[in-house]
Amino acid sequence: MTTDMTDAVRREHATGEPDITTYPAHESFPGPRPAVLVLPGGGYRFHAEHEGEGYARWLSGIGLHAFVLRYPLMTGHRFPAPMESGRAALDWIRAGGHGLDVGASVGVIGSSAGGHLAGLLATGTVLRSEQLAGPPPRPDFAILAYSPADLHLLPDEPVQWILDGRMDLRGELSPARNIDAATCPTFLWATAEDPPGFPNALAYASALFDAGVPVELHIYPRGRHGLGLANGVAYGEHGDIHIPHTARWAEACRAWLTAEGFLPES
């Protein structure tokens, strides 16, 4: 699924309130629960439902409130629009207007392009052209699946499209180059058969290590880019691939969330 860019007019900034769908933690998990902002992939051209609703249903089932954000796409917007939307979503989740009992931790999960955006939020990236009243909101933890971490590791053509030709932003919009000691603990996974996912996961993990930020990294041997949960549950045109060993990343992630103190013992 792609979008024809021939007649697209890109806007500099996002407009309106964040477009969010809420998936409360399953009723078997009472009391305050951690929350996760879900950022689907889709190459900044569309929002992949298996990495949006699919992730949200999984997170709800393990006791987290999930909020799927349909952030501005590059078919009609330019950076920093997705970052503005993500920051607003984090603030909205923490402010509590949704009516859910959110605990102390608000994290972010993203795959592919959504993981790129999640990394920008986790590192508190602010473009030199932006003027913010204060430091941007950051998540308390991050879960990144086959996510671009350094745009210099991607071919020029897709980067040129994402940046609307502003290649001078390539470094600024590379999360691995923006990591500092305030970056949140991170769970990373990719597969050895995914050319963009594998080197970017290594680059991000290495940068986190150098900054002294807790990180857990999993590289699975099988699977192409865009697997999502890899459990064979399709959402539209995506998510129908089932690779049992790779699908165990979700179990590992749940164990990590518990070990790091973000997910209460159930």
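Counting from 742, one number per residue, gives the positions in the sequence shown under the working numbering.
C-beta atoms are modelled at their ideal positions from N, C-alpha and C, and glycine is treated no differently.
Bridge partners of Phe928 according to DSSP: Ile884, Glu957.
In this structure, the alpha-carbon of Ala859 lies about 10 Å from that of Gly782.
Contact between Gly844 and Pro773 holds, with the beta-carbon distance rounding to 4 Å and staying under 8 Å. Here His767 carries a coil assignment [DSSP, helix/strand/coil]. Within the same chain, and ignoring the five residues on either side of Pro955 in sequence, the residues whose Cβ sits closer than 6 Å to its Cβ are Pro926.
Contact between Glu790 and Gly977 holds: their C-beta atoms lie close to 5 Å from each other, under 8 Å. For the region 955–1001, the full-length beta strand (DSSP E) segments reaching 3 residues or more read 956–961 along the chain.
The region 821–833 and the region 882–892 do not touch, with fewer than three beta-carbon pairs separated by less than 8 Å. Three or more beta-carbon pairs separated by less than 8 Å are not found between the region 798–805 and the region 866–881, which leaves the two stretches without contact.
With a minimum length of 4 residues, the unbroken runs of alpha helix (DSSP H) contained wholly in the region 791–864 fall at 794–802, 822–836, 854–863.
Residue pairing by DSSP leaves Val900 without any beta bridge partner.
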